[in-house]
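These notes concern the structure reproduced below.
There are 4 protein chains.
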Amino acid sequence: MNLKALKEQVLTANLDLPRHHLVTFTWGNVSGIDRERGLVVIKPSGVSYDKMQLEDLVVLDLTGRQVEGALRPSSDTATHLVLYRTYPELGGVVHTHSTHATAWAQACRAIPIFGTTQADYFNGEIPCSRLLTPREVEEDYEGLTGHLIVETLKQTPILTMPGVLVANHGPFSWGKDADDAVHNAVVLEEVARMAWLTGQINPQAHALPDYLLEKHYQRKHGKHAYYGQTET
Amino acid sequence: MNLKALKEQVLTANLDLPRHHLVTFTWGNVSGIDRERGLVVIKPSGVSYDKMQLEDLVVLDLTGRQVEGALRPSSDTATHLVLYRTYPELGGVVHTHSTHATAWAQACRAIPIFGTTQADYFNGEIPCSRLLTPREVEEDYEGLTGHLIVETLKQTPILTMPGVLVANHGPFSWGKDADDAVHNAVVLEEVARMAWLTGQINPQAHALPDYLLEKHYQRKHGKHAYYGQTET
Amino acid sequence: MNLKALKEQVLTANLDLPRHHLVTFTWGNVSGIDRERGLVVIKPSGVSYDKMQLEDLVVLDLTGRQVEGALRPSSDTATHLVLYRTYPELGGVVHTHSTHATAWAQACRAIPIFGTTQADYFNGEIPCSRLLTPREVEEDYEGLTGHLIVETLKQTPILTMPGVLVANHGPFSWGKDADDAVHNAVVLEEVARMAWLTGQINPQAHALPDYLLEKHYQRKHGKHAYYGQTET
Amino acid sequence: MNLKALKEQVLTANLDLPRHHLVTFTWGNVSGIDRERGLVVIKPSGVSYDKMQLEDLVVLDLTGRQVEGALRPSSDTATHLVLYRTYPELGGVVHTHSTHATAWAQACRAIPIFGTTQADYFNGEIPCSRLLTPREVEEDYEGLTGHLIVETLKQTPILTMPGVLVANHGPFSWGKDADDAVHNAVVLEEVARMAWLTGQINPQAHALPDYLLEKHYQRKHGKHAYYGQTET
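Residue numbers (full-length UniProt numbering), protein chains in the order written: chain A, 1 to 232; chain B, 1 to 232; chain C, 1 to 232; chain D, 1 to 232.
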């Protein structure tokens, strides 16, 4: 994929955020990476979705040096870059303030694995980070938010847990490319909504047992997956 | 009805799922049956609704042998087939992960019969299944989900209870054809939403008394029904 | 207004129900009355909104004798007729199963007067009826539902309380004509939603004090009202 | 900006209310001010948004004398005027009955500062006023509602807290012009919704610590802000 194709994918992925009702105004950003060239394409900061053009996108290398684009990149860029540097499998990263996922983040609660909907995408409960300390906030707020996400995920293989909650802030999600990352952001918002409702209906609701979690995750993502069509 | 007409009905019924906001991405499937020929038409697995064509639909016999279609059928096909084999009255089956019905399923709670809206369609509370055991999941997950639904419904005449919740998973519904099954899936989602709200407003809310349940169910479905127009 | 104009108003008012998201499928009905001729125009039973035509509407006199129309009238017709016979001020009546108002009805709870939004239309809390007895249901279900509403309203001047909840069933509302009745049905649904949220945020939320209720109701409906434009 | 341009901005801002789902029927109003001429442009009372024309807008001076327009101004005009007279920084004022913000107002609860979404716009929790006394309501209801807002805000710099809840009534918001005021009304409704959900998920949810509140507020509004593009 050349850089122009990547830019088009990242633009489409950004425009998909309002289409899926994940953002109010400019509260979200999507990036994608060209691993061969080591270049990241990301949304400019504070530009509204209905005016965003291909040439507004910002291109940076993995150290954060701006390579293309006249506008300032998303204020969350440093967080995206840490994730790309840490996880070579990642092709796209998304941050939103989608309503229900943000409410779980504000509640500082992991999203329990209440059902197969979540198990089809997330191999367990979706963790919530700790708060950054005053010192961390002062030192490098956005960069250390990236490291906080890495710390929160521990040793989890990154593509088996395609999202996380940053405490008192909101969700980040990712995937094999920008489009997949947005797909996972939509799923994260919907499972957050369902989990809230589940807890309202039954405050003692229990988590999906491991054997069912495993069954659903594997029938979709395992070696012998039989969900969807065989990709050829 | 010939097979082509059935396919058209099943395609329309599948496309009605996103139209009624019952599905995110590809999280749902509708099938219909031609009882004379013993053929079931079902959605292919993991194909998005906005690209689905008539020729993508899969035709199987009641043993699950694929008769037509190049794509793999819905991963929930075995569940549909058990229902068709068990209940000769069924003409259509739907599975979704619609938000509120799934929340009740995740809460492992039957939907109480709180009002006449539910009584107009469901002759009582909408039951929730037990969980499959590890052995059952390993042996034949989708087929035994079908038998689990049959076990959950006990001796209830199938068309008087046109839906059920599978614990920690989501709702299944059915009807006299694919269109009727989708109609009942919409009703199930709406009564699930109302029942959740009812419990929030009054945690001690009581069920509709039997005489009112009976009155509403019968004025719409009984021998002397007077709701709607006489079908001629 | 001649009968044709009334029919057009009633048709428009019925079509406004789905436009305002007050109904699923055919779960609602609007009627209007020509007081001079003593004729009521009402929606036919079980006909979907997107197919409804002017000639499908049913015309009855106040005793329920069908004067025009080939279709069967709404199954709730007898309830509408009792209201028209009891309250000469009424020009239109609406019944829906709108989500939040129905949840309050299912919870068998009056909607408390939590704020000025409700006070602008309803002169106090919106009452919820008792349940009909088995004998009443058997004798004349729909007619006695009308009398139940009258009983629930007590001596309240009918246009100062343009709606009520029928226990375990749903809301009825009314107004000076069919359009005004639908307007009040929209308000009832919205105040039901706000009241549910208010109770969730603060279970000890208190009612609006009388002097504020009075102020808001009177600035909109009183002799010295100054909300809106003077009608000339 | 001449008066015609201001009118166009105020008309657009009023029409943005239904577009952002902040109002039912006519339940909201936006005004803007021309500080040089000391003239306020405001929505007429009780005119529906889909019929509103430029010439329907009402122009008043800061004492409330009507300078232009044949219609009666919004019944909340006196409240707007008090805010403009008190805070020279204000360019636009909005009042709505948006669902979730109104629910917090009806609950008589300030909206806690649960996350960075709120901190990006509001420099702390969003206060809720006391109730006006019977004497105040009788004396000058709308004017004293303006003074009540001023009392509630205490010494807070007005543009660091661009909204407030009036107890048992609903939200008011403001900004540097009419468009900015509507922008803040949208944010207020969304943070009200998120805060309600947060409290449902975790009744012990804690407020954002001061150092994070400060960080987010300053990165967007401070002297060294780096969110968005430098305005040139």
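Beta carbons are placed, not taken as given, at the ideal position from N, Cα and C, and that holds for glycine.
Boundaries (first-last residue) of the alpha helix (DSSP H) holding residue i
i, result
"Trp-196 of chain A", "178-201"
"Ile-149 of chain D", "134-153"
"His-221 of chain C", "210-221"
Residue i versus residue j - alpha carbon distance
i, j, result
"Thr-24 of chain B", "Ala-185 of chain A", "12 Å"
"Leu-144 of chain C", "Asp-180 of chain B", "32 Å"
"Leu-60 of chain D", "Ser-98 of chain B", "51 Å"
"Pro-18 of chain B", "His-95 of chain B", "13 Å"
"Asp-76 of chain B", "Thr-116 of chain B", "32 Å"
"Ile-42 of chain A", "His-20 of chain A", "19 Å"
"His-66 of chain C", "Gln-118 of chain B", "Looking at the sequence provided, one finds Gln at residue 66 of chain C rather than His. Each residue's alpha carbon lies about 30 Å from the other."
"Tyr-211 of chain A", "Ala-70 of chain A", "52 Å"
"Ala-101 of chain C", "Lys-7 of chain D", "39 Å"
"Thr-232 of chain B", "Thr-160 of chain B", "The predicted model places Thr-232 of chain B with a pLDDT of 46, which falls under 50 and marks its position as unreliable; any figure quoted below should be read in that light. Going by the C-alpha atoms only, they are around 22 Å apart."
"Gln-155 of chain D", "Ala-195 of chain A", "41 Å"
"Gly-38 of chain A", "Leu-153 of chain A", "24 Å"
"Trp-104 of chain A", "Trp-104 of chain D", "19 Å"
"Met-52 of chain C", "Asn-202 of chain D", "47 Å"
"Pro-209 of chain D", "Asp-50 of chain C", "53 Å"
"Leu-11 of chain D", "Asp-56 of chain D", "9 Å"
"Glu-68 of chain A", "Glu-136 of chain A", "30 Å"
"Leu-131 of chain B", "Leu-54 of chain A", "50 Å"
"Gly-32 of chain A", "Gly-170 of chain A", "20 Å"
"Leu-188 of chain B", "Gly-28 of chain B", "14 Å"
"Gly-64 of chain C", "Arg-85 of chain C", "11 Å"
"Pro-134 of chain C", "Leu-213 of chain B", "11 Å"
Same chain, Cβ closer than 7 Å to residue i, five either side skipped, listed in chain order
i, result
"Ala-205 of chain D", "Phe-114, Thr-198 and Gly-199"
"Lys-220 of chain C", "Asp-120 and Tyr-227"
"His-147 of chain D", "Val-82"
"Asn-2 of chain B", "none"
"His-216 of chain A", "Thr-116, Ala-119 and Asp-120"
"Gly-46 of chain B", "Thr-26"
Opening and closing residue of the beta strand (DSSP E) in which residue i lies
i, result
"Ile-111 of chain B", "Counting along the chain, Ile-111 of chain B falls outside any beta strand (DSSP E), and DSSP gives it neither H nor E."
"Val-58 of chain B", "58-61"
"Asn-123 of chain C", "Element bounds for Asn-123 of chain C: n/a, residue is neither H nor E."
"His-100 of chain D", "Per DSSP, His-100 of chain D belongs to no beta strand (DSSP E); it is in the alpha helix (DSSP H), 99-106."
"Thr-171 of chain C", "The amino acid at residue 171 of chain C is misidentified as Thr; the sequence shows Pro. First-last of the beta strand (DSSP E) with Pro-171 of chain C: 170-175."
"Leu-90 of chain D", "Neither: Leu-90 of chain D is in no beta strand (DSSP E) and is coded neither H nor E."
Residues of its chain near residue i, where Cβ-Cβ distance is below 8 Å and the 5 sequence neighbours each way are ignored
i, result
"Ile-149 of chain A", "Thr-79, Val-82, Leu-83, Ser-129, Val-164, Val-166 and Phe-172"
"His-224 of chain D", "Gln-218"
"Glu-142 of chain C", "Ser-75, Asp-76, Thr-77, Ala-78 and Thr-79"
"Pro-44 of chain C", "Met-52, Asp-56, Leu-57, Val-58, Gly-69, Leu-71, Arg-72, Pro-73 and Ser-74"
Paired residues, beta bridge with residue i - DSSP
i, result
"Gln-66 of chain C", "C:Leu-60"
"Pro-157 of chain D", "Paired residues: none, contrary to the question."
"His-95 of chain C", "C:Asn-29 and C:Phe-172"
"Gly-163 of chain A", "A:Ser-173"
Beta-carbon contacts of residue i that lie in its chain and below 6 Å, excluding the five residues immediately before and after
i, result
"Gly-124 of chain C", "Ile-113"
"residue 235 of chain A", "Missing from the structure shown is residue 235 of chain A; chain A here goes from 1 to 232 and no further."
"Glu-89 of chain D", "Ile-158 and Leu-159"
"residue 237 of chain A", "The shown model of chain A, from 1 to 232, leaves out residue 237 of chain A, and the question about it has no answer."
"Arg-193 of chain C", "His-100"
"Ala-207 of chain C", "Pro-112 and Ile-113"
"Tyr-87 of chain C", "Ile-158"
Heavy atom of the ligand ADP within 7 Å of residue i beta-carbon
i, result
"Gly-28 of chain B", "The ligand ADP is not part of the structure shown, which contains no ligands of any sort."
Kindly provide the ranges of any beta strand (DSSP E) runs that are 3 or more residues long and lie completely inside the region 9-84 of chain A, ordered along the chain. 28-34, 39-42, 58-61 and 66-68
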